[in-house]
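Each residue of the sequence shown is one higher than the one before, starting from 79 at the first, in our numbering. Notes follow the structure.
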Amino acid sequence: MEIRHPIHPRDAAQFSTERMRAEFLVQGLFQPGEVKWVYTHHDRMLIGGVVPVEAPVTVSQVPELHTEYLLERREIGIVNIGGPGTVTVDGEVYGLARRECLYVGLGKRTLSFGSVDRAQPARFYLVSAPAHQAYPTRKTGPQDAEFEQLGSDDQSNRRTLYRFIHANGVQSCQLMLGMTELAPNNLWNTMPAHLHDRRSEVYLYFDLDPAARVFHFFGEPGETRHLVVANEEAVISPSWSIHSGVGTRSYTFIWAMAGENYTFKDMDPVAMDDLR
């Protein structure tokens with residue numbers, strides 16, 4: 079497991095590009111036959127990737143957490159961004175097609191990840207947060223999630239936002255998770271920007287052409303920086319940072335939040351005049 083420590087915004091403003099990428103960019107999550115973990119002390123979120131190929135990959139204990147099993151004091155959201163797969167939760171099997179999501183709550187002891195076709199393996203993206211109450215395991219996806227149409231073509235930001243794990247959908251203790259898909263030829267996400275000082279957020283960019291990149295904007299409104307992000311890379315966004323981006327081509331991203339409040343619209347808008 080790779081561990082990332084909290085960073086103060088005044089310190090982050092002095093970082094080189096290399097240091098920014100080392101602290102906030104998550105690469106190499108999806109490795110065949112393995113489970114990869116990155117632990118961030120920003121709201122103690124745990125970010126992972128699993129690509130089962132020849133055999134299922136089972137996750138029970140994560141030694142660095144110093145608990146008997148992964149979900150002893152945690153909950154987890156799982157999104158499949160690859161071929162058809164299965165997630166087995168304490169012996170119960172759930173099929174997950176591409177872009178479908180599974181929530182697993184506090185107290186479940188064993189997760190096992192499999193692919194239906196090893197030639198087109200599943201690619202499971204995992205986000206976990208601490209939890210103090212158990213909620214039922216539930217599956218969802220774009221076909222039955224609450225969604226919202228945002229933006230416009232003239233602003234190059236027309237997109238569909240799907241809410242998977244949230245107060246009015248799949249219930250959880252504190253984790254919120256969803257997906258935003260940009261329409262063809264639209265490039266911007268989350269601009270005008272906002273903050274939510276009571277929650278950290280993680281973005282995973284995917285469905286991005288291998289030659290394309292997303293320029294992810296980051297930092298306090300008056301001290302912005304950017305990270306150049308490739309397909310299937312994630313960005314850890316602390317509570318003090320904006321999180322916005324523009325791609326060289328359209329793309330999709332999974333957003334996940336954890337922290338103080340459990341209200342999706344708990345946001346502090348940032349005026350364009352305040353961005354630097």
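Yeah, the Cβ is synthetic: ideal placement off N, Cα and C, and Gly gets one too.
For the pair of segments examined, the segment 217-235 was found not to touch the segment 198-207: the number of CB pairs separated by less than 8 Å stays below three.
In the DSSP assignment, residue 101 falls within the alpha helix (DSSP H) that extends over 95-102.
The segment 312-325 makes no contact with the segment 239-249: fewer than 3 CB pairs, one atom from each, lie closer than 8 Å. Listed as beta-bridge partners of residue 322 by DSSP are 295. DSSP places residue 346 in the strand class (E or B) of the three-state scheme. If you ignore the 5 residues before and after residue 157, its C-beta comes within less than 6 Å of the C-beta of 179, 203 and 332, all in its own chain and listed in chain order. 7 Å or more divides the Cβ of residue 213 from the Cβ of residue 190. Non-local beta-carbon contacts of residue 304 in its own chain, meaning distances under 7 Å to residues more than five positions away in sequence, involve 293, 294, 295 and 296 in chain order. A direct Cα-Cα distance of roughly 7 Å separates residue 290 from residue 308. Non-local C-beta neighbours of residue 246 in its own chain, meaning closer than 7 Å and more than five positions away in sequence, comprise 224, ordered along the chain.
Using a Cβ distance threshold of 7 Å, residue 193 and residue 110 do not count as a contacting pair.
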